[in-house]
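Enquirer: Numbering (UniProt numbering), first residue to last: 1 to 313.
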């Protein structure tokens, strides 16, 4: 009996050997066009980043040059020209003004911002961690209420806070600035995101098996793993409290309690009647951003740290 085998194609007629795979057709110029498009996109992104950098550095550069000028030079010469270096004279004028009240304002701002960053950041991280890892009745509804707070601007809460603090005698005190800094809905939301991404449930379960309670699990296990997130939230809180203007304006009446943002606004009003205050305002504005720059430089290494340290492999 004869078996029928499938017919083999004529290899010689096709001009290909059985060991040579067919080559895919490549359009001419495709690789070059793709490389050109990639270069164009990189150039566009680089140009946008350079413009953003210039936009952020130009005001600081203006402050650097303006702080070296006297009142006459500030109004009568080009801002980027260097004539007489009057920076130290301006700093001395700031120190002599009202018995050095500028440095009192700086100390107040450092106190308000540091407490708001550390205590407020810790409360926000604990709240975000609880919303993520704990299961309790009404959790999602309560978190939705927190998200509503993100949509409310801080200026809209100033008057209700004043009406709450006034009967308690907390207005014109440091507590009027510190207590609102302890609660930030956006920081709670951000903390929950970090908790979901970088704190495995298996690690917490292992801690519970070893006998750790909820509080110890948070401080000994969860908080070290989420340290970069805590630093990020603390920096956001620090900058927000440092730049806060409307709340101190409504709550405080004593100049000795003013933060530097409100104090600079007060001195800015003096320049309308006395132009000699202009160099003091400019130099004080430059000095007021130095703590922010130091905070970012010292804490940036925590952002580069391994955010998954201690995670289950």
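Virtual Cβ for every residue (Gly too), placed ideally from N, Cα, C.
#1: What does the Cβ neighbour count give for residue 301, buried or exposed, with the cut at 16 atoms within 10 Å?
#2: Identify which residue in 232, 204, 209 has its Cα closest to the Cα of residue 220.
#3: Among 285, 73, 72, which one has its Cα closest to the Cα of residue 265?
#4: Note down, in chain order, each residue of its chain lying with its Cβ closer than 6 Å to the Cβ of residue 65, except the 5 sequence neighbours on either side.
#5: Rounding to the nearest angstrom, what Cα-Cα distance links residue 189 and residue 235 in this structure?
#6: Any chance the stretch 149 to 163 sits against the stretch 245 to 264, with 3 or more Cβ pairs inside 8 Å?
#7: DSSP state of residue 81, grouped into three classes?
#8: Going by Cα to Cα distance, which pick from 128, 231, 214, 255 is closest to residue 98?
#9: I need the boundaries of the alpha helix (DSSP H) containing residue 323, first residue and last residue.
#10: Quick one: is residue 106 buried, meaning 16 or more other Cβ sit within 10 Å of its Cβ, or exposed?
#11: Cα-Cα, which of 69, 95, 111 is closest to residue 83?
#12: Can you find the residues in the same chain that come closer than 8 Å, C-beta to C-beta, to residue 271, ignoring five residues on each side of it along the sequence?
#13: With a threshold of 6 Å on Cβ separation, who are the neighbours of residue 115 within its own chain once the five nearest residues in sequence on each side are excluded?
#14: When the Cα of residue 299 is compared with those of 230, 141, 268, 186, which residue comes out closest?
#15: Reducing DSSP to helix, strand and coil, say where residue 69 ends up.
#16: For residue 296, which residues in the same chain have their Cβ closer than 8 Å to its Cβ, ignoring the five residues on either side in sequence?
#17: Buried or exposed: which applies to residue 261, given that a residue is buried once 16 or more other Cβ atoms fall within 10 Å of its Cβ?
#18: Indicate whether residue 110 and residue 283 have their beta-carbon atoms separated by less than 9 Å.
#19: Can you tell me whether residue 201 is helix, strand or coil according to DSSP?
#20: Does the beta-carbon of residue 74 have 16 or more other beta-carbons within 10 angstroms, so that it is buried, or is it exposed?
#21: If you reduce the DSSP assignment to three classes, tell me which class residue 185 lands in.
#22: Near residue 294, what residues of its chain come up, given a Cβ to Cβ distance below 8 Å and the 5 sequence neighbours on each side ignored?
#23: So for residue 243, helix, strand or coil by DSSP?
#24: Between which residues of its own chain and residue 26 is the CB-CB distance below 7 Å, once the five residues before and five after are set aside?
#25: In terms of residue numbering, what span does the alpha helix (DSSP H) encompassing residue 283 cover?
#26: Excluding five sequence neighbours on each side, which residues of the same chain lie with their C-beta closer than 7 Å to the C-beta of residue 52?
Expert: On the basis of the coordinates in this document:
#1: Around the beta carbon of residue 301, fewer than 16 other beta carbons lie within 10 angstroms, which makes this residue exposed.
#2: 204
#3: 285
#4: Excluding residues within five positions, the ones whose Cβ falls inside 6 Å are 79, 80.
#5: 15 Å
#6: yes
#7: coil
#8: Of the listed residues, the one whose Cα sits closest to residue 98 is 255.
#9: Because the chain is modelled from 1 through 313, residue 323 falls outside the range shown and cannot be assessed.
#10: Residue 106 should be labelled buried.
#11: Minimum Cα distance to residue 83 is reached at 69.
#12: 277, 278, 281
#13: 178
#14: 230
#15: Three-state result, residue 69: coil.
#16: 235
#17: buried
#18: Residue 283 is positioned such that its CB atom lies no closer than 9 Å to that of residue 110.
#19: DSSP places residue 201 in helix when its eight states are reduced to three.
#20: buried
#21: helix
#22: none
#23: coil
#24: Residue confidence is low: residue 26 scores 46 on pLDDT, short of 50, so the model does not pin down where it sits. No coordinate-derived value is stated.
#25: 278 to 288
#26: none
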